[in-house]
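K.L.:
Handing you a structure now.
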Amino acid sequence: MFGYAGRILRVNLSTGKTAIEPLKEEMAKKYIGGIGLGIRLLIDNTKPGIDPLSPENPLILTTGPFSGTVAPTGGNGHAFVAKSPLTNGAAEAKSHGFFAAELKRAGYDAVIFEGKAEKPVYVWIDDDSVQLMDAKHLMGKSPQEVEDIIREELGDYYIRVASIGLAGEKLSRIACIINDKTRAAGRCGLGAVMGSKNLKAIAVRGTKNVDVAKPEEFLEFVRVLHERMKGPATVKYRTLGTPQNVLVHNSLGALPTRNFTNAVFEGAEKVSGEYLNERFVEKIVACSSCAMRCEHIAVVPEGPYKEVMARVEYEPLWALGPHCGVDRMDAIIKAIHLCNYYGIDAISAGNIVGFAMDCYEHGILTKDDTGGLDLKFGNADEMVKLIEMMGRREGLGDILAEGVKRAAEIIGKGAEKYANHIKGLEMTGYDIRGLKTAALGYAVSFRGADHNRHGAYALDISGKTNRFKFEKGRSKLVIDIEDLYTIIDSLIVCKFSRGVYYKGFDDLARYYTLVTGIDVTAEELRKAGERISNLARLYNIREGFTRKDDHLPIKVMTTPIPDETVAKGQYITQEELDFMLDDYYEHRGWTREGVPTLEKIKELGLEDLAYVVEGKI
Amino acid sequence: MSHIHARKFVSDDPDKCVGCGVCEYICSFEKEKAFNPLKSRIRVVRLGTTINMAVTCRLCEDAPCVAACPRDALRQSEETGVIIVDEDKCNGCGWCIEACDYGAIMLHPDKKVVFICDTCDGNPKCVEWCPEEALSFITKDVLAQKSRISAVKKLFYEALKT
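Keeping their order, the protein sequence lines are chains A and B. The first sequence lines up with residues 396 to 1012 when you count with the numbering used here. The second sequence lines up with residues 3 to 164 when you count with the numbering used here.
And the structure:
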């Protein structure tokens, strides 16, 4: 096989033993790589009903077929997959940078970390040599410090490292895994899974070639993509970056503000992409092999957080800014920096601070609970302090580190009304009360509240759909994007590049064939997307998920948008949600309870998983 | 062509470089038909995320690497300034690597002899492919000319506006 390394590495942390298994071509073609391959390995390597933080939950690391080639944005992505400690369902979190390319060069398509090390370790993958190294001296250190220390002690400055911070060590359910200092496999709490294994870091050095099947034609296609990446499809990412969304969402009444109390933020200008780029962005840098660099590195020029540096994207900026009513960019940058330092998902972290502020404003939390913090919406410095407490699991931060759903249960007193999550995963920066195509995508997303599993917001925001009213048949649009996004995350190309595949699946199928030499048609690739979407659904069903888990946050379903905006009065009723779900399940070929039928399972070549739906259809 | 215009080398502008490493992949493919940065004659350095710069042979005058080789395996082209490695003579001892202040000489991972940028015979592929146009194939004299012009431009910024 080309593109693929053809090998899966199994590391048993309990015994210290490692083993290599072949990646068979059929498996590669059916599940592609990235999240597809990861979820297949998850379902094959776990029993139902395991505790996500037990040694029985494997942490699966995958690359894609393009990793380690010059494929722009495709050469550099990796995914972590496991059972989520936040949702108890399938978890996937991807990250880009330089780590995946190195892992591919070391000769692996996937690594399965099993069991639990007796003492803290890091795994050192040096081509074919795999060793468990003592990590005692790394405990408590940030991922950024860990990277520097490991490079120094192993004596190679091009080693790539993925690491957890203190939060992962302390099993915070919002802990993430950071690579290349600023890049996070953020969502679903996979840093806690890594921490539960006493696995502090993964260090990789790979020296092998990554061969592609048709190198000359591949390079020609890469050249075409380079040209397209200079054009309109990527201009947003190349200029203002994703923070451009702030003013767009604000003007549409779709910028969740003060924990979904409002959908318009009066301080939006001061946290806009325009403001950020003019005053804070020092440099835009790239991941490995990328021709459309997007990573906006911001530095605080003055004030209490002077010289703090962080990479700023819309989602963390939204979560720690408008969502907390905070309009101070310096504090937002400081908070993002702390999230990276402690290794927590900045989206979930900001969401939870907003939740705590909402509870405080409603008297559910008082200064006795907050350790004296005055957690009114908009208190920027208090927001920063609370992030610190969450990162260290101190005081109230210890409870909040459990994720918004569990924190609300622990706090009680009706706090769950203010906990904006789906399936236990915290909400992201789209006010779906007035984005109804997106709302369906959020409700059915297998990993919980997420814009990145479907991208359906684009239909609403661009006006391609009536965002205030959902009509029969619209689910088809959501399904199409879901399956495309699933393939994007399985090939692992960057979603920011999605606009340059002008012919969608046709372009991606050609790309795949040029690299791997495996002939696939656009339809076969789309089918693989559908297969993987169904696979994730089957995993969740196996873990006990039902239609009830395809829900929306309570606030989205009870509190109409109050602001004087085009979206005023919008929210989503149970009746509307049921209408959407019925339509979606029907178009998916699932039962009214959201279970894939045997026909569908057979059609997708997932017969071996028929046992999952037994007694449920 | 005069000497100062002949000796062009690959120079990277760190203000433009984003550290993507496309140059490394293109170089290894052009020279070795492999996607592997370890086989690239140009290498990217990233410091603290914001500082990015690709480094390759600078065609030193009186190149110290040539002087350092005890086996006369390296010589410098008088015309282009490129360092030419005699792979039969090189035994991979690495004295030239130590002599190079820029880390522009590497030991080949398979062949175990040193390898150095040869400017693709005056048509460097890395420059052609650099997505940010951060790389240029240029002589030191022209680099100086450019710096001079931009310094004067800066000095007379206000005057130039009118």
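In this text, a Cβ means the ideal position worked out from N, Cα and C, and glycines have one as well.
Cβ-heavy atom distance between Ala596/A and the ligand ADP below 6 Å?
P.N.:
In the structure on display, the ligand ADP does not appear, and there are no ligands present to speak of.
K.L.:
Buried or exposed: which applies to Ile53/B, given that a residue is buried once 16 or more other Cβ atoms fall within 10 Å of its Cβ?
P.N.:
What you label residue 53/B is simply residue 51 of the second sequence in a count that begins at 1. Its Cβ having fewer than 16 others within 10 Å, Ile53/B is exposed.
K.L.:
Who pairs with Arg48/B in a beta bridge, going by DSSP?
P.N.:
Within the second sequence, residue 48/B is the residue found at index 46, counting from 1. According to DSSP, which records beta bridges pairwise, Arg48/B is partnered with Asn54/B.
K.L.:
Relative to the C-alpha of Val57/B, which residue among Gln147/B, Cys102/B, Lys155/B, Ala146/B is closest?
P.N.:
One-based indexing of the second sequence puts residue 57/B at position 55. The shortest Cα separation from Val57/B among Gln147/B, Cys102/B, Lys155/B, Ala146/B belongs to Cys102/B.
K.L.:
Can you give me the C-alpha to C-alpha distance between Pro711/A and Ala741/A, rounded to a whole angstrom?
P.N.:
Within the first sequence, residue 711/A is the residue found at index 316, counting from 1. Within the first sequence, residue 741/A is the residue found at index 346, counting from 1. Pro711/A and Ala741/A: Cα-Cα distance of roughly 5 Å.
K.L.:
For Phe863/A, collect the residues of the same chain with a Cβ closer than 8 Å to its Cβ; drop the 5 residues on either side in sequence, then sort them by chain order.
P.N.:
Here residue 863/A refers to the residue found at position 468 when the first sequence is read from its first residue. So the qualifying residues of the chain are Gly829, Lys831, Ala962, Gln965.
K.L.:
For chain A, check one thing: does any of its Cβ atoms lie closer than 7 Å to the Cβ of Ala198/B?
P.N.:
Outside the displayed range of chain B (3 to 164) lies residue 198/B, so it cannot be described from this structure.
K.L.:
Which runs of the beta strand (DSSP E) fall wholly inside the stretch 404-473 of chain A and span at least 3 residues, in chain order?
P.N.:
Listed in chain order, they are 413-417, 454-458.
K.L.:
Is there a C-beta anywhere in chain A that falls below 7 Å from the one on Pro111/B?
P.N.:
Indexing the second sequence from 1 puts residue 111/B at position 109. Pro111/B counts as touching chain A.
K.L.:
Helix or strand or just coil, what does DSSP make of Ser490/A?
P.N.:
For the purposes of this step, residue 490/A is taken as residue 95 along the first sequence, with counting starting at 1. Of the three classes helix, strand and coil, the one that applies to Ser490/A here is strand, per DSSP.
K.L.:
Examine chain B for any beta-carbon lying closer than 7 Å to the beta-carbon of Asn604/A, and answer yes or no.
P.N.:
Position 209 of the first sequence, counted from the first residue, corresponds to residue 604/A. Yes, because at least one Cβ of chain B sits closer than 7 Å to the Cβ of Asn604/A.
K.L.:
Determine contact between the stretch 798-816 of chain A and the stretch 589-609 of chain A, defined as no fewer than three beta-carbon pairs at a distance below 8 Å.
P.N.:
Result no; under three Cβ-Cβ pairs closer than 8 Å.
K.L.:
Can you tell me whether Lys489/A is buried or exposed, with buried defined as 16 or more other CB within 10 angstroms of its CB?
P.N.:
Here residue 489/A corresponds to residue number 94 of the first sequence, with the count starting at 1. Buried, since its Cβ has 16 or more Cβ neighbours within 10 Å.
K.L.:
Let me confirm a value: Arg987/A is counted as buried when at least 16 other C-beta atoms fall within 10 Å, else exposed. Which label applies?
P.N.:
Along the first sequence, one-based indexing puts residue 987/A at 592. Label assigned to Arg987/A: exposed.
K.L.:
Could you tell me the alpha carbon to alpha carbon distance between Glu673/A and His691/A, rounded to whole angstroms?
P.N.:
Counting from one through the first sequence, the residue named residue 673/A turns up at place 278. Counting from one through the first sequence, the residue named residue 691/A turns up at place 296. Cα to Cα, the separation comes out at about 12 Å.
K.L.:
Return yes when the Cβ of Phe494/A is within less than 7 Å of the Cβ of Val555/A, no when it is not.
P.N.:
What you label residue 555/A is simply residue 160 of the first sequence in a count that begins at 1. What you label residue 494/A is simply residue 99 of the first sequence in a count that begins at 1. Per the sequence shown, residue 555/A should be read as Arg rather than Val. A contact, by the Cβ cut-off of 7 Å.
K.L.:
Which runs of the beta strand (DSSP E) at least 3 residues long sit entirely within the stretch 894-926 of chain A? Give them in chain order.
P.N.:
You should have found no qualifying run.
K.L.:
Mind checking whether Val406/A and Phe508/A have CB atoms under 7 Å apart?
P.N.:
By one-based count along the first sequence, residue 406/A stands at place 11. By one-based count along the first sequence, residue 508/A stands at place 113. Contact: yes.
K.L.:
Drop a sphere of 10 angstroms on the beta-carbon of Gln147/B, count the other beta-carbons inside from all chains shown, and report buried for 16 or more, exposed for fewer.
P.N.:
The count along the second sequence starts at 1 and reaches residue 147/B at position 145. Exposed, by the Cβ-count rule.
K.L.:
Please give the ranges of any alpha helix (DSSP H) in the stretch 578-647 of chain A, keeping only runs that are unbroken, at least 4 residues long and fully inside the region.
P.N.:
The stretch 578-647 of chain A contains these whole alpha helix (DSSP H) runs: 585-591, 610-624, 630-633, 640-646.
K.L.:
Exposed or buried, which one is Val619/A when buried takes at least 16 other CB atoms within 10 Å?
P.N.:
Position 224 of the first sequence holds residue 619/A. Its Cβ having fewer than 16 others within 10 Å, Val619/A is exposed.
K.L.:
Give me whichever residues DSSP pairs with Gln78/B in a beta bridge.
P.N.:
Here residue 78/B refers to the residue found at position 76 when the second sequence is read from its first residue. Gln78/B pairs with Ile85/B.
K.L.:
What are the complete alpha helix (DSSP H) segments, minimum 4 residues, inside the stretch 707-770 of chain A?
P.N.:
If we require 4 residues or more, the alpha helix (DSSP H) runs fully inside the stretch 707-770 of chain A come out as 709-715, 724-737, 741-756, 762-765.
K.L.:
At a CB-CB cut-off below 7 Å, which residues of chain A make contact with Gly23/B?
P.N.:
As a position in the second sequence, residue 23/B is number 21, starting the count at 1. The contacting residues are Ser683, Ser684.
K.L.:
Just the chain B side, please: which residues come within less than 7 Å of Thr577/A by C-beta, in chain order?
P.N.:
Counting from one through the first sequence, the residue named residue 577/A turns up at place 182. Correct list: Thr51.
K.L.:
Using the rule of at least 16 other Cβ atoms within 10 Å of the residue's Cβ for burial, across every protein chain shown, is Val154/B buried or exposed?
P.N.:
The residue given as residue 154/B occupies position 152 in the second sequence. Exposed, because fewer than 16 other Cβ atoms sit within 10 Å of the Cβ of Val154/B.
K.L.:
Note down, in chain order, each residue of its chain lying with its Cβ closer than 7 Å to the Cβ of Asp776/A, except the 5 sequence neighbours on either side.
P.N.:
As a first step, residue 776/A must be located in the first sequence, where it is residue number 381. Ala726, listed in sequence order.
K.L.:
Of all Cβ atoms in chain B, is any one closer than 7 Å to the Cβ of Glu702/A?
P.N.:
Within the first sequence, residue 702/A is the residue found at index 307, counting from 1. Output row for Glu702/A: interface = no.
K.L.:
One question on the structure: do Asn604/A and Asn38/B come within less than 7 Å of each other, judged by their Cβ atoms?
P.N.:
Against the first sequence, residue 604/A aligns to sequence position 209. Against the second sequence, residue 38/B aligns to sequence position 36. Yes, the pair counts as a contact, with Cβ atoms nearer than the cut-off.
K.L.:
Which runs of the alpha helix (DSSP H) fall wholly inside the stretch 640-696 of chain A and span at least 4 residues, in chain order?
P.N.:
Listed in chain order, the complete alpha helix (DSSP H) runs (minimum 4 residues) inside the stretch 640-696 of chain A are 640-646, 668-674.
K.L.:
In chain order, what residues of the same chain lie with their CB nearer than 8 Å to the CB of Glu677/A, ignoring the 5 residues before and after it?
P.N.:
As a working note, residue 677/A is residue 282 in the first sequence. Same-chain partners within the cutoff: Ile692, Ala693, Val694, Met704.
K.L.:
With a 10 Å radius around its C-beta and 16 neighbouring C-beta atoms as the bar for buried, classify Asp90/B as buried or exposed.
P.N.:
Taking the second sequence and counting its residues from 1, one reaches residue 90/B at position 88. Asp90/B comes out exposed.
K.L.:
Whose C-beta lies closer than 6 Å to the C-beta of Lys729/A among residues of the same chain, with five residues either side of it excluded?
P.N.:
Walking along the first sequence from the start, residue 729/A turns up at place 334. Contacts found: Tyr700, Val703, Val779.
K.L.:
Take Thr687/A as the anchor and find which of Gly668/A, Phe891/A, Gly510/A, Tyr825/A has the nearest alpha-carbon.
P.N.:
Translated into positions along the first sequence, residue 687/A becomes position 292. Residue 687/A is actually Met in this sequence, not Thr. Comparing Cα-Cα distances from Met687/A to each of Gly668/A, Phe891/A, Gly510/A, Tyr825/A, the minimum goes to Phe891/A.
K.L.:
Give me whichever residues DSSP pairs with Phe139/B in a beta bridge.
P.N.:
Stepping through the second sequence from its first residue, residue 139/B is reached at position 137. Phe139/B pairs with Val12/B.
K.L.:
May I have the straight-line CA-CA distance separating Asp973/A from Leu872/A, to the nearest angstrom?
P.N.:
Stepping through the first sequence from its first residue, residue 973/A is reached at position 578. Stepping through the first sequence from its first residue, residue 872/A is reached at position 477. Near 17 Å, if we compare the C-alpha coordinates of Leu872/A and Asp973/A.
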